[in-house]
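Notes follow the structure.
Protein chains: 2
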Amino acid sequence: MTASALAEQLADLAVALGANVQPGQVVTVSAELGLEEFTREIAARAYRGGAKFVDVTYYDPQLKRVRIERAAEDTLEFVPSWYGERVFELGRSRCARVAVVASTDPGALRGLDPARLGRDQLPAIPEWMAVLGERTVNWTILPYPTLGWARLCYPELDDEAALDRLTRDIVHVCRLDEPDPAAAWRARVEELQAVGARLNALRLDALRFEGPGTDLTIGLLPSSSWVGALSTTIDGLEHLPNVPTEEVFTTPDPTRAEGRVRSTKPLVLVDGSIVRGLEVRFEGGRAVEVEAEEGGELMRARTARDEGAARLGEVALVDRESRIGQLGTVFYETLLDENATSHIALGSAYEEAVAEDDLPRINKSGIHVDFMIGGDDVDVTGMTSSGDRIPLLRGGAWQI
Amino acid sequence: MTASALAEQLADLAVALGANVQPGQVVTVSAELGLEEFTREIAARAYRGGAKFVDVTYYDPQLKRVRIERAAEDTLEFVPSWYGERVFELGRSRCARVAVVASTDPGALRGLDPARLGRDQLPAIPEWMAVLGERTVNWTILPYPTLGWARLCYPELDDEAALDRLTRDIVHVCRLDEPDPAAAWRARVEELQAVGARLNALRLDALRFEGPGTDLTIGLLPSSSWVGALSTTIDGLEHLPNVPTEEVFTTPDPTRAEGRVRSTKPLVLVDGSIVRGLEVRFEGGRAVEVEAEEGGELMRARTARDEGAARLGEVALVDRESRIGQLGTVFYETLLDENATSHIALGSAYEEAVAEDDLPRINKSGIHVDFMIGGDDVDVTGMTSSGDRIPLLRGGAWQI
Chain G
242 MTASALAEQL ADLAVALGAN VQPGQVVTVS AELGLEEFTR EIAARAYRGG AKFVDVTYYD
302 PQLKRVRIER AAEDTLEFVP SWYGERVFEL GRSRCARVAV VASTDPGALR GLDPARLGRD
362 QLPAIPEWMA VLGERTVNWT ILPYPTLGWA RLCYPELDDE AALDRLTRDI VHVCRLDEPD
422 PAAAWRARVE ELQAVGARLN ALRLDALRFE GPGTDLTIGL LPSSSWVGAL STTIDGLEHL
482 PNVPTEEVFT TPDPTRAEGR VRSTKPLVLV DGSIVRGLEV RFEGGRAVEV EAEEGGELMR
542 ARTARDEGAA RLGEVALVDR ESRIGQLGTV FYETLLDENA TSHIALGSAY EEAVAEDDLP
602 RINKSGIHVD FMIGGDDVDV TGMTSSGDRI PLLRGGAWQI
Chain H
242 MTASALAEQL ADLAVALGAN VQPGQVVTVS AELGLEEFTR EIAARAYRGG AKFVDVTYYD
302 PQLKRVRIER AAEDTLEFVP SWYGERVFEL GRSRCARVAV VASTDPGALR GLDPARLGRD
362 QLPAIPEWMA VLGERTVNWT ILPYPTLGWA RLCYPELDDE AALDRLTRDI VHVCRLDEPD
422 PAAAWRARVE ELQAVGARLN ALRLDALRFE GPGTDLTIGL LPSSSWVGAL STTIDGLEHL
482 PNVPTEEVFT TPDPTRAEGR VRSTKPLVLV DGSIVRGLEV RFEGGRAVEV EAEEGGELMR
542 ARTARDEGAA RLGEVALVDR ESRIGQLGTV FYETLLDENA TSHIALGSAY EEAVAEDDLP
602 RINKSGIHVD FMIGGDDVDV TGMTSSGDRI PLLRGGAWQI
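In order, the protein sequences belong to chains G and H. Going by this note's numbering, the first residue of the first sequence is number 242, and it counts up by one from there. Going by this note's numbering, the first residue of the second sequence is number 242, and it counts up by one from there.
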């Protein structure tokens, strides 16, 4: 597939299927500098679909580097008030949102002081978590292949081969190699929703993950329900928050997580830094020990950000049918890696996975950091309040 | 001069001399996509000077092209509310502002429907005129050489020679070829302020421009005063709004302009389109006829934007000592071309050039479009209310 055909097809997936942009909507698009061509393709597709305005913001990791290197220590947490106000206005205007996740320059922040780096959370804007939680925005995030990212995933290949390989990966996991990608996604969404329905029918009170280095029990809320692939705004617009998506997820009880967990893949923080070999111990829902072979300090800085940053906001199950998991590649990109295997997230929870009664109980935070804890050698078991233990995943395969 | 040395010296000029950035200030920087390297250099210099945060916005003319080509006609005037709110917040926070004027892609909007193009005023945000008028922001605009721009100025040269030539032009007009550029600017600013003081001492009631195709009389307000080079914020911060600057200007009476004027250089509108051979007839201060050899329709669309868009907001005098005028090059960029020769501007007026009593009388508009009307063959004469006629410029030389 040529680069322009890929851009066109991914833009179509983003606008028509992922964000489900409606005529008259403002569409906000975020991407790293270097993705201008793809961003314009998204804009063209959105305007063709009747968008009122396409509002683009670019993130420049090299500009962030300049800030971390030179700005005064006590200014590094500063975020101008209009960054958040803009997001609230986008929510009030019932915008659509497309976020492209693809690093063009993964080494941009290499070698910076982790403590200083941890203070600057941009380009993450906490107000997005609040606005997405209100379900006023139909949104999607999707990948786009770049050379910088391809080099990170495939350091053993030359530039051309690496980019070609990452492009093929993205074509495959986004199902653009299907005769009708939108129809393929509708079918996959139905499968994931059926899994969610079966899980909901079990009325689970908790989940237990058991594997090498992992024995973690996560409590659920009375109304925690399993959501697969599709979200719906308060205006009834269906959208796919993640393209690709392979998970079913729910919102756990932030006060009930006990035990240890070892990550099964590296995770990448929003600033591009990598955390490897993460091990976390939970007590009473709180991450009380956070260790890692690499990036532990950054991760601890994240979990110290606010009260909810050390508690869980998401638990997600992914089976071995995942196209991403099957590739076996580490993409160093949460969107893809989290859809490779089961995972949990520290920080902000999604309101849509609980009923109104439980809303005051879900976790709130300015962060949302997913990390992967599943795999073929991690058993996942459901537990009901009456003490039943129901195998959910064994060897990566659904048991329900 | 190497590209990186040039970027460093221009960034220094922008931050330290032009905007006069103070420790603790937020600095907002605007530039076209393609100027990332220079923008980061400005950010680095601003942080080194104690800036609290550097807020960068990029303008993408190709994204604008996508909008003009594809968006519904009735959406083209839409600007999201947060674009203006951000500017008001920047003003309230007493920010510093650096605007880089340099097209990286001057042909980006070529061939588009002028009527559709005229409806989309972005990246201009009218709120900036209001905020700059309040004098809460210390700001500067300055050029940076790009290949796309160099090709436009020097189509007869090959790429390398054209960029080299434009770079030398900018080094010269920005006085970076002086042993101490900042000192050279201080000296030039003093000269311009001295001219302004002599003009103020004449207590002129009107100006008359006479030359080929031009016989225009522009009335001044009782308190219209001539301002040169340096502006001062309400907090007392001196800054150079234009680098380079060669003009003295004042705010005219928007109800008193009579006669015809022919532009002496092409002008470039904010969208990059070029207006050549402009001829305007004024009656009672209003532009009642607007004709041009090229771009007349776009210019008429601008003057129809709002009530003040057909009236004058500025009159500026430039003598033949201007380094820009001496080069004889048409830069197709208002910042440089307007400092080549005397000019007037349709639209918004600067409050700083009148006393408080006259503030309600100055022109208000969402546009500010400068066009050049001076030259060696255009005489400029001052007229007092007692009927005296005082030669100001003859053959481009000051007579006072």
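Just so it is clear, CB atoms sit at the ideal spot from N, CA and C, and this is done for glycine as well.
Discussion item. Restricting to Cα atoms, I'd like to know which of H:R630, H:E555, H:L633 and H:G569 is closest to F612 (chain H).
Written reply: When H:R630, H:E555, H:L633 and H:G569 are compared, the shortest CA-CA separation from F612 (chain H) is found for H:E555.
Item to complete: Mark V529 (chain H) as exposed unless 16 or more other C-beta atoms lie within 10 angstroms of its C-beta, in which case mark it buried.
Response: So V529 (chain H) counts as exposed.
Worksheet item: In its own chain, which residues sit with a C-beta less than 8 Å from the C-beta of I366 (chain G), not counting the 5 before and 5 after it?
Response: Excluding sequence neighbours, I366 (chain G) sits near V320, Y324, G325 and V328.
Worksheet entry | For G623 (chain H), the three-state DSSP class (helix, strand or coil) | DSSP, reduced to helix, strand and coil, places G623 (chain H) within a strand of the structure shown.
Worksheet item: Is the CB of A304 (chain H) under 8 Å away from at least one CB in chain G?
Response: In the sequence as presented, Ala is not what sits at residue 304 (chain H); that position holds Leu. At least one chain G Cβ lies under 8 Å of L304 (chain H).
Worksheet entry | Proximal residues to F572 (chain G) (C-beta, below 7 Å), its chain only, five neighbours per side dropped | Cβ neighbours of F572 (chain G) beyond the five flanking positions: C394 and D578.
Worksheet item: Beta-carbon of P384 (chain H) versus every beta-carbon of chain G: anything under 8 Å?
Response: No, no contact with chain G.
Fill in: Cβ-Cβ separation, R376 (chain H) to I475 (chain H) (assumed contact under 8 Å), whole Å
Contact holds; Cβ gap of about 5 Å.
Discussion item. If contact is defined by three or more beta carbon pairs under 8 Å, each pair taking one atom from either stretch, is the stretch 597-611 of chain H in contact with the stretch 538-554 of chain H?
Written reply: At 8 Å Cβ cutoff, the stretches touch.
Item to complete: Determine the burial state of I614 (chain H): buried for a count of at least 16 other Cβ atoms within 10 Å of its Cβ, exposed for fewer.
Response: By the 10 Å Cβ count, I614 (chain H) comes out buried.
Item to complete: Kindly list, in the order they appear in chain H, the residues whose Cβ is closer than 8 Å to that of K289 (chain G).
Response: The amino acid occupying residue 289 (chain G) in the given sequence is Arg; Lys does not appear at that position. Per Cβ cutoff of 8 Å: R311.
Worksheet item: In chain H, which residues lie with their C-beta within 8 Å of the C-beta of F319 (chain G)?
Response: Neighbours of F319 (chain G) on chain H, chain order: K293 and F294.
Item to complete: Could you check how far apart the C-beta atoms of G452 (chain G) and D296 (chain G) are, in whole angstroms? I think they sit under 8 Å.
Response: About 44 Å; that fails the 8 Å criterion.
Worksheet entry | Candidates H:D456, H:P485, H:A402 and H:S464, of which the one nearest D618 (chain H) by Cα | Selected option, being the one with the closest Cα: H:D456.
Discussion item. Using a 10 Å radius around the Cβ and a threshold of 16 neighbouring Cβ atoms, would you call A545 (chain G) buried or exposed?
Written reply: A545 (chain G) is exposed by the Cβ-count criterion.
Discussion item. Let me check you understand the geometry: is the CB of L600 (chain G) closer than 7 Å to at least one non-hydrogen atom of the ligand FAD?
Written reply: The ligand FAD is absent from the structure shown, which contains no ligands of any kind.
Worksheet item: By the 10 Å Cβ neighbour count, where 16 or more other Cβ atoms means buried, how is S504 (chain G) classified, buried or exposed?
Response: Residue environment for S504 (chain G): buried (at least 16 other C-beta atoms within 10 angstroms of its C-beta).
Worksheet item: Less than 8 Å separating the beta-carbons of L213 (chain H) and G332 (chain H)?
Response: This structure leaves residue 213 (chain H) out entirely; chain H is present only between 242 and 641.
Practice prompt. Within 10 angstroms of the Cβ of R416 (chain H), are there 16 or more other Cβ atoms? Answer buried if so, exposed if not.
Written response: R416 (chain H) counts as buried, since at least 16 other C-beta atoms from the protein chains shown sit within 10 angstroms of its C-beta.
Worksheet item: Along chain H, in chain order, which residues have C-beta atoms closer than 7 Å to that of L274 (chain G)?
Response: Within chain H, E277 have C-beta atoms less than 7 Å from the C-beta of L274 (chain G), given in sequence order.
Practice prompt. Kindly indicate which three-state DSSP category F279 (chain G) falls into: helix, strand or coil?
Written response: DSSP places F279 (chain G) in helix when its eight states are reduced to three.
Worksheet item: P485 (chain G): buried (16+ other C-beta within 10 angstroms of its C-beta) or exposed?
Response: Using a 10 angstroms sphere on the CB of P485 (chain G), the tally of other CB atoms reaches 16 or more, which defines it as buried.
Worksheet item: By the criterion of Cβ-Cβ separation under 8 Å, what are the contact partners of E330 (chain G) in chain H?
Response: The contacting residues are P321, S322, W323 and E326.
Worksheet entry | Check whether S465 (chain H) and D598 (chain H) have beta carbons under 8 Å apart | Cβ atoms of S465 (chain H) and D598 (chain H): not closer than 8 Å.
Fill in: Helix, strand or coil at I603 (chain G) according to DSSP, with G and I counted as helix
Coil.
Fill in: Inter-residue Cα distance where the pair is E431 (chain H) and G460 (chain H)
Whole-angstrom Cα-Cα distance: 27 Å.
Worksheet item: Using DSSP with H/G/I as helix, E/B as strand and the rest coil, what is S583 (chain G)?
Response: DSSP places S583 (chain G) outside both helix and strand once states are collapsed to three, so it counts as coil.
Worksheet item: Could you give the C-beta distance for A533 (chain G) and R522 (chain G), rounded to a whole number, given that I count them as a contact under 8 Å?
Response: That pair is no contact at about 13 Å.
Item to complete: Grab the span of the alpha helix (DSSP H) containing S245 (chain H) for me, first residue to last.
Response: Where S245 (chain H) is concerned, the enclosing alpha helix (DSSP H) starts and stops at A244 to D253.
Worksheet item: Looking at the C-beta of Y591 (chain G), does it have a partner C-beta in chain H at a distance below 8 Å?
Response: Any Cβ of chain H closer than 8 Å to the Cβ of Y591 (chain G) would place that residue at the interface, and such an atom is absent.
Discussion item. Against chain H, does Y300 (chain G) count as a neighbour if the rule is that its beta carbon must be under 8 Å from one of theirs?
Written reply: Chain H contact via Cβ: absent.
Discussion item. Which residue wins for smallest C-alpha separation from E282 (chain H), given the options H:V307, H:A244 and H:Q303?
Written reply: The closest CA to that of E282 (chain H), considering only H:V307, H:A244 and H:Q303, is found on H:A244.
Practice prompt. Please state whether DSSP places E451 (chain H) in a helix, a strand or coil.
Written response: DSSP places E451 (chain H) within a strand segment (E or B) once states are collapsed to three.
Worksheet item: Starting from W467 (chain H) and walking both ways along the alpha helix (DSSP H), at which residues does that stretch end?
Response: From DSSP, W467 (chain H) is part of no alpha helix (DSSP H); its letter is neither H nor E.
Worksheet entry | Under the three-state DSSP convention, the category E488 (chain G) falls into | E488 (chain G) falls in the coil class under three-state DSSP.
Practice prompt. Please say whether F294 (chain G) and V267 (chain G) have beta carbons closer to each other than 8 Å?
Written response: Yes, the Cβ-Cβ distance between V267 (chain G) and F294 (chain G) is below 8 Å.
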